[in-house]
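Data first, discussion second: the structure below is written as structure tokens.
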Amino acid sequence: MLPKLFRKTPLALLQMSSQRTRLLVAIAGIAFADFLMFFQLGVRDALFDSQVRPYATLKGDLFIVNKLSDNLQSIKSFPRDNLYRVAGMDGVESIRPLYIGQASWRNPDNQASRQIFVYGIDPNRPAFDLPEVEQQLDKLKLLNQVLFDKAGLTPQLGDVTALLKKQNPLSVQANDLEVKVVGLFTLGSSFSAEGNLLMSDSTFLRLFSERRANDIDLGIIEANPNVSIQQLQADLQAIVPDNLLVLTLEQFSAREFAYWNTGSSIGPTFNLGVAIGFLVGAVIVYQILYTDVSDHLPEYATLKAMGYSDLYLIGVILQEAFLLAALGFLPGFLLASGFYTFFKSVTFLPIAMKLSRAVTVLILTVVMCGGAGAIALRKLRAADPADIF
1 MLPKLFRKTP LALLQMSSQR TRLLVAIAGI AFADFLMFFQ LGVRDALFDS QVRPYATLKG
61 DLFIVNKLSD NLQSIKSFPR DNLYRVAGMD GVESIRPLYI GQASWRNPDN QASRQIFVYG
121 IDPNRPAFDL PEVEQQLDKL KLLNQVLFDK AGLTPQLGDV TALLKKQNPL SVQANDLEVK
181 VVGLFTLGSS FSAEGNLLMS DSTFLRLFSE RRANDIDLGI IEANPNVSIQ QLQADLQAIV
241 PDNLLVLTLE QFSAREFAYW NTGSSIGPTF NLGVAIGFLV GAVIVYQILY TDVSDHLPEY
301 ATLKAMGYSD LYLIGVILQE AFLLAALGFL PGFLLASGFY TFFKSVTFLP IAMKLSRAVT
361 VLILTVVMCG GAGAIALRKL RAADPADIF
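In terms of full-length UniProt numbering, the sequence shown has 246 at position 246, counting the first letter as 1, and numbering is strictly consecutive.
Following this line, the structure appears as structure tokens:
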């Protein structure tokens, strides 16, 4: 089948290049459709990656979380006693509590209020595996001193990095409480957090005066070396209350991913955008190929009268479709790569071109062009030399 599609005379290529304006329009249309798909898939993946990014920095093997907590934005607290209960279990090396909340941050540049994520840790048992934090734990032991995420959105939260160079510590307001930024760390913004603050658990409880010290949001467990994580997970799950879950890091991240992908409107919205881009490209390719078939219908009829089969002519149209897919994909790929770089520099979201995404869009482009070509073939197969001449 394939050898028959590619003859010595490149009829498909010659037909396409004979109408250069039409060819350029087709390539531009396919490139635009590919860019739309790249955009939707890239921003969607950036959403997922940014939401699960904090999980990768946690210092632990197992995590105790309220069963009602399916994402960090709406995490539910539970009694700290449940974490202490597992501390003496065989296989448990150490435990670390973590408090999580969202505070109203006062932009030091323009005094505008924005929401910011806040993490409260025990400075003697830090929950994050971040060298920048490890080096500044002593600063957090003093009340009302915090670390600011330098990868947050500067226009919304203020240029704290620049201000800190002029004044250290830097006095700012969060939840109408004056705190002092004494250092920086890097975590990054997300769709639910424009930035992050890290502080001691004591400062956290002052910032959120309605919270009780016994109510933590996450229990982090570090296992002894050479211990079976799966067996330890099962043992711990057996002793904690039914409203709590003991999860591995992969399971914990998967809950966040599942929420944004299917439990919220974000994932379906981006998937719909990919479908729209696919349909736009399919319509453009169909119109180009249908017009091409109509313009060359007498030539096709002549070839059929000379003995060329429908299969040969079908091969010519499909070659055109696949050539358009290849020619349109390349500029779409390059345009999307440039956009990713710009988007990351502006939003600090973890967006970049991935091989898997490029392959996905390439396959969608081939299917899009091939499907449009198959629909356009209906007019070709109905062509009868007797009717045309």
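Don't be surprised by glycine CBs; every beta carbon is placed ideally from N, CA and C.
For clarity, every value in this text was computed on a predicted model and none was experimentally measured.
Item                                                                                                                                                           : Value
Inter-residue spacing [alpha-carbon to alpha-carbon] between Gly-29 and Ile-284                                                                                : 6 Å
Cα-Cα separation, Thr-365 to Phe-278                                                                                                                           : 8 Å
Runs of beta strand (DSSP E) lying entirely within the region 126-194, each at least 3 residues, in chain order                                                : 145-149, 170-174, 177-185
Secondary structure of Asn-226, DSSP reduced to three states                                                                                                   : coil
4-residue-minimum alpha helix (DSSP H) runs that sit fully inside the UniProt domain "ABC3 transporter permease C-terminal" (274-384), ordered along the chain : 297-305, 310-347, 355-381
Contacting residues, own chain, Cβ-Cβ under 6 Å from Gly-273 (five flanking each side not counted)                                                             : Gln-40
Bridge partner(s) assigned by DSSP for Gly-101                                                                                                                 : Val-118
Distance CB(Leu-289)-CB(Ala-374) smaller than 7 Å                                                                                                              : no
CA-to-CA distance, Asp-295 to Arg-53, given in whole angstroms                                                                                                 : 54 Å
Where the beta strand (DSSP E) through Ile-64 begins and ends                                                                                                  : 62-66
Distance between Gln-135 and residue 442 (C-alpha atoms, nearest Å)                                                                                            : Residue 442 lies beyond the residue range present for the chain, which begins at 1 and ends at 389; the question has no answer from this structure.
Asp-34 beta carbon less than 7 Å from that of Gly-332                                                                                                          : yes
Reduced DSSP secondary structure (H/G/I, E/B, other) of Asn-196                                                                                                : strand
Candidates Phe-48, Leu-244, Ala-372, Val-179: closest to Met-199 by CA position                                                                                : Val-179
The region 240-259 in contact with the region 59-73 per 3-pair CB rule at 8 Å                                                                                  : yes
CB of Val-118 within 7 Å of CB of Leu-197, strictly                                                                                                            : yes
Proximity below 7 Å, CB of Pro-79 to CB of Asn-243                                                                                                             : no
Status (buried if at least 16 other CB within 10 Å, exposed otherwise) for Ala-305                                                                             : exposed
Span separating the alpha-carbon of residue 400 from that of Val-133                                                                                           : With the chain running from 1 to 389 in the structure shown, residue 400 is simply not present.
Residue burial classification, Pro-97 (beta-carbon count within 10 angstroms, cutoff 16)                                                                       : buried
Separation of Ser-50 from Ser-189, as counted between CA atoms                                                                                                 : 7 Å
Pro-79, DSSP secondary structure in three states                                                                                                               : strand
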